[in-house]
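Worksheet for the structure shown next.
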Amino acid sequence: MDRRTVIKGLAAAGGVAATTRLSAPALAQNAKVLKFVPQSNLSNFDPIWGTQYVVRNASNLVWDTLYGTDANLKIQRQMVESEEISADGLTYTFKLRPGLKFHDGAPVLARDCVASIDRWSQRDAMGKVIRTIQEELSVVDDKTFKWVLSKPFPKLIEGLAKIATPCCFIMPERMAKTSPFKQITEYVGSGPMKFVTSDFRPGALAAFEKFDGYVPRSEPASWQTGGKVVHFDRVEWLIMSDPATASAALQSGEVDWWETPLPDLVPLLKRNPNIKVDIGDPFGHVGAFRFNYLYPPFNNVKIRQAIQAATSQQDYMQAIVGTEDALWKPMASFFTPGSPYYNEEGAERLKANSDYTLAKKLLEEGGYDGSPVTCLVAQDQAPMKAMGEITADMLKKIGMNIDFVATDWGTVGKRRASRNKPGEGGWNMFHTWMAGVTTLSPIGNSAINANKSGWGWPDIPEMGPALQSWYDAKSEAEGIATAKTINKIGMDNAVYVPTGFWLGYQAWRSNVTGITQGPCPWFWGPKKA
Amino acid sequence: MLGYILRRILSTIPVAVFVALFVFSLLYIAPGDPAAVIAGEHATPADVEKIRKSLGLDQPFVVRFAEWSSKIVQGDLGTSIFTGLPVSKLILQRMEPTISVMLVTLLLAVSVAVPLGVVAAWTAGSWFDRTIMGFAVLGFSVPVFVVGYLLAYVFGLQLYWLPVQGYTSLAKGFWPWFESLILPSIALGLVYIALIARITRATMLEVLSQDYIRTARAKGLGERAVLFLHALKNAAVPIVTVIGIGVALLIGGTVVTESVFAIPGLGRLTIDAILQRDYPVIQGIVLVFSFVYVLVNLAVDLVYTLLDPRIRY
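Protein chains in written order, with numbering that gives the first Met the number 0: chain A, 0 to 528; chain B, 0 to 312.
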């Protein structure tokens, strides 16, 4: 065969391929299958044992909750038909909706709820608080259970309804009796979808199939509440660690919905007429860095205040989201912008916005001796990497020395648990971020606890009573007033430093409708043409 | 020969022991804490400690190693810290995609690189030879992920000819399976093609200068017969050696390729396990790869005997 013949043949093959499309990467093929790229790796599926956001988001499909929070931040009944609260506020009696079934066909019973609440409350910050005043959590009959307290706790139902992880998902009793420090081994729930265990490839694929026995509520769906009717027979979670791959897959139509596109790729997606882009979670994300209270310099409140004064939230936020100013807001509070509890009490130093003169003065008053500040920065988490670089620059500008530990999140996770001295395997500060929905109130914001039990072992004696006052508040107005006290105490003591509030995008194919904003991806509502 | 094969297989045991001890020790002293990753951001240090205890991560090195190695001896690679699934099950789930990528890459690389190398040697000094060697340098220089992204952009996003991600099992049909492997194999194969082409050219040049080649031509044999029946056969031993060594390159390369093309193979499993500090999975994969590599070297040694009748064990 001569060269000309070969070239002709190749050209013909190319022409055929171009016209017939070797593989028209199917516009996510089947209208009854939704392909979704989640925010991170789903490697385990126990929402109480592993409290990562991605696990909670997947768990919303499989497990239901007694109460939920709707898009207006109102608590609504979900699995509960009715509740009775005794006049003294000590006894809560809950009655389940009729017809609720688990995926294995067994009815949902009160004992399943009791066991699930018990497991959840051993891990959840608010659940732990309730346990300290719990007298009894018991079954009354198959559909009724009661919770008896030793003192009133007005926020109890709010705790059962919260979206912040861990949520109080209801599991069969046999599963819920697993220690909360061990992983469950089966994934049976009463939610709108069943987990397809046989298809689970941790780190690659998780699949969910519609549960025909699901009994939705009659109200329209709204976030965690209402009639959670899923319009797909199957939902596939395709884990893609490389954002470029996810972007390409969305553009080619191989996936339908991408939860968290990288900000750098959003302009490219916006230019594509087949893709829609919108804000994902209206409550966004909150950046922060936390101090180690055990060792100098941050065992000294003056030095922590110096860092507050030097902080420019604009610098931090622009490092994370770029130049699109609509995507970030300053946050001189421990509560998320948009939350009824948002207030800026005591935040004058933070609002000073990189007042280096004040910062240096506070450093001097605090007796900073030039010792290097061991700063842990996770390089594999984009927001933390960005924040770390801003912090390094800031500390140098105010005359502090820094030991910049560039590592991965796994190492940060281990090292921050160390009580060693900073120069001997310990640390002085680390960066983190939280979903804005967790800092709507003190319920989910464990970082504000300063009872020596959190990361860095913050010790602010007056914070405990202030938080208890919030839990005990009988009205929203009272709660708001208490939140101001909490904010002031936190700011005065710089319990941690919020670096700002930012929003992220989500992106989906234009043939998919019904995707809404929310702190979690909601699979009830979307449909595909 | 059978005795030789058996001895080589048995020799994997001390290798496996050494690798097991080395990897276990390395992971033990490496920073990171799977319990902290599992517990999440909102857990307290006390919660993390309880999880660590429940996973047995608070046990001393000797206890943990003894437990793990006693399971290995019974063929149990342990249980993944994160997923709770047997490590052997996780590895088996991921083997097909990785083996598929490696096999197709190997076939592609050998079938392209060897003829290129032969022709480059035959036309040594010509524009063709220089062009091939130039592309070989490019093949070494351009990272796999860059090639991968370019291929996905051109063939996936512009031409819509091929999928940009994912893997389809062979059980679902040959063409869907092969289609999902074309781009990853080309991306991964370029380095391999460059390597094999260069070695082929170098050894062919040496062989082509030998007297017996001159004799073959003098006898009136056509160039094709001279090149492929006489020269290539004598040049094959070093080429096969490089192909065998290149399997290690492939194993490393699959990690990047599987991430770029979202292929659920052993490479991605390795990366995820390392990032999460899923020690049993890391240990299991390293052991499996060590064993595979020993077997590949054995296969290479056996192929020598087919190529060179003077080699006998």
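By construction, the Cβ of each residue, glycine as well, lies at the ideal position given by its N, Cα and C atoms.
Can you tell me which of the three DSSP states residue i falls into?
i                : result
Asn273 (chain A) : coil
Trp48 (chain A)  : coil
Val136 (chain B) : helix
His229 (chain B) : helix
Val531 (chain A) : Because chain A is modelled from 0 through 528, residue 531 (chain A) falls outside the range shown and cannot be assessed.
Thr512 (chain A) : strand
Leu41 (chain A)  : coil
Arg3 (chain A)   : Here Arg3 (chain A) scores only 46 on pLDDT, less than 50, and its place in the model is too uncertain to base an answer on.
Val187 (chain A) : coil
Phe35 (chain A)  : strand
Trp146 (chain A) : strand
Phe282 (chain A) : coil
Arg233 (chain A) : strand
Tyr294 (chain A) : coil
Gln133 (chain A) : strand
Arg7 (chain B)   : helix
Tyr341 (chain A) : coil
Pro97 (chain A)  : coil
Arg309 (chain B) : coil
Glu363 (chain A) : helix
Thr256 (chain B) : helix
Asp140 (chain A) : strand
Ala25 (chain A)  : Because Ala25 (chain A) carries a pLDDT of 46, less than 50, the predicted location of this residue cannot be relied on, and the following value inherits that uncertainty. Three-state result, Ala25 (chain A): coil.
Ile84 (chain A)  : strand
Val228 (chain A) : coil
Leu155 (chain A) : helix
List, in order along the chain, the chain B residues whose C-beta lies closer than 8 Å to that of residue i?
i                : result
Asp407 (chain A) : Gly31 and Leu274
Trp529 (chain A) : As shown, chain A starts at 0 and ends at 528. That puts residue 529 (chain A) outside it, with no answer to give.
Name the chain B residues that come within less than 9 Å of residue i, Cβ to Cβ?
i                : result
Gln250 (chain A) : Gly155, Leu156 and Val163
Glu253 (chain A) : Gly155, Pro162, Val163, Gln164 and Gly165
Met428 (chain A) : Within 9 Å Cβ-Cβ: nothing; Met428 (chain A) doesn't reach chain B, min ~15 Å.
Met174 (chain A) : Neighbours of Met174 (chain A) on chain B: none; closest Cβ ~13 Å, over 9 Å.
From what residue to what residue does the beta strand (DSSP E) around residue i run?
i                : result
Met433 (chain A) : Met428 to Ala434
Tyr66 (chain A)  : Tyr66 to Thr68
Val376 (chain A) : Val372 to Ala377
Lys193 (chain A) : Met192 to Phe194
Anything in chain A within Cβ reach of residue i, meaning under 7 Å, just list it in chain order.
i                : result
Lys49 (chain B)  : Phe180
Leu268 (chain B) : Gly202
Ala170 (chain B) : The premise fails here: Ala170 (chain B) is roughly 14 Å from chain A at the closest Cβ pair, so nothing lies under 7 Å.
Ala151 (chain B) : Ala247
Could you work out which residues of chain B lie near residue i, taking near to mean beta carbons separated by less than 7 Å?
i                : result
Lys413 (chain A) : Pro30, Gly31, Asp32 and Ala35
Met531 (chain A) : Residue 531 (chain A) is absent from the model: chain A starts at 0 and stops at 528.
Gln51 (chain A)  : Gly39
Which residue comes first and which comes last in the alpha helix (DSSP H) that contains residue i?
i                : result
Glu347 (chain A) : Glu347 to Lys350
Trp174 (chain B) : Phe173 to Leu207
Asp117 (chain A) : Ala109 to Ser120
Asp300 (chain B) : Tyr278 to Leu306
Leu89 (chain B)  : Val86 to Trp121
Leu249 (chain A) : Pro242 to Ser251
Gln157 (chain B) : No alpha helix (DSSP H) contains Gln157 (chain B), which DSSP labels as neither H nor E.
Ile74 (chain A)  : It is not in any alpha helix (DSSP H) - Ile74 (chain A) instead sits in the beta strand (DSSP E) that spans Ile74 to Arg76.
Phe144 (chain B) : Val143 to Leu150
What does residue i reach in chain A if we use C-beta pairs closer than 8 Å?
i                : result
Phe260 (chain B) : Thr244
Ser327 (chain B) : Here chain B comprises residues numbered 0 to 312, so residue 327 (chain B) is not present and cannot be evaluated.
Does the ligand NAD have a heavy atom nearer than 7 Å to the CB of residue i?
i               : result
Thr68 (chain A) : The ligand content of the structure shown is nil, which means the ligand NAD is not present either.
Q. What residue ranges within the segment 16 to 74 of chain B form continuous alpha helix (DSSP H) runs of no fewer than 4 residues, ordered along the chain?
A. 33 to 38, 44 to 53 and 60 to 72
(Q) Tell me whether the segment 19 to 29 of chain B and the segment 63 to 70 of chain A touch, counting them as touching only if at least three CB pairs, one residue from each stretch, are closer than 8 Å. (A) no
**Q.** contact_flag[the segment 348 to 362 of chain A, the segment 279 to 293 of chain A] where n(CB pairs < 8 Å) is 3 or more
**A.** At 8 Å Cβ cutoff, the stretches do not touch.
Q) Taking contact to mean at least 3 C-beta pairs separated by less than 8 Å, is the segment 274 to 281 of chain B in contact with the segment 67 to 84 of chain B? A) Short answer: they touch.
Q.
Any contact between the segment 429 to 439 of chain A and the segment 271 to 278 of chain A? By contact I mean 3 or more CB pairs, one from each, below 8 Å.
A. no
**Q.** Three CB pairs or more closer than 8 Å across the segment 461 to 479 of chain A and the segment 306 to 317 of chain A
**A.** The segment 461 to 479 of chain A makes no contact with the segment 306 to 317 of chain A: fewer than 3 CB pairs, one atom from each, lie closer than 8 Å.
(Q) In chain order, what are the residue ranges of uninterrupted alpha helix (DSSP H) at least 4 long that sit wholly in the segment 310 to 337 of chain A? (A) The segment 310 to 337 of chain A contains these whole alpha helix (DSSP H) runs: 312 to 320.
Q) Along the chain, which unbroken stretches of the beta strand (DSSP E) at least 3 residues long are found entirely within the segment 379 to 462 of chain A? A) 401 to 406 and 428 to 434
Q. Do the segment 134 to 145 of chain B and the segment 216 to 232 of chain B touch if we need at least three Cβ pairs shorter than 8 Å?
A. Contact between the segment 134 to 145 of chain B and the segment 216 to 232 of chain B is absent, with fewer than three C-beta pairs closer than 8 Å.
Q: Report yes or no: do three or more beta-carbon pairs, one from the segment 226 to 240 of chain B and one from the segment 296 to 307 of chain B, lie closer than 8 Å?
A: yes
Q: Report yes or no: do three or more beta-carbon pairs, one from the segment 405 to 419 of chain A and one from the segment 128 to 140 of chain A, lie closer than 8 Å?
A: no
(Q) Does the contact criterion of 3 or more C-beta pairs under 8 Å hold for the segment 98 to 106 of chain B versus the segment 185 to 202 of chain B? (A) yes
Q.
Counting beta carbon pairs with one atom in the segment 37 to 48 of chain A and one in the segment 179 to 190 of chain A, are three or more of them shorter than 8 Å?
A. Segment contact: the segment 179 to 190 of chain A against the segment 37 to 48 of chain A, three or more CB-CB distances shorter than 8 Å; contact assigned.
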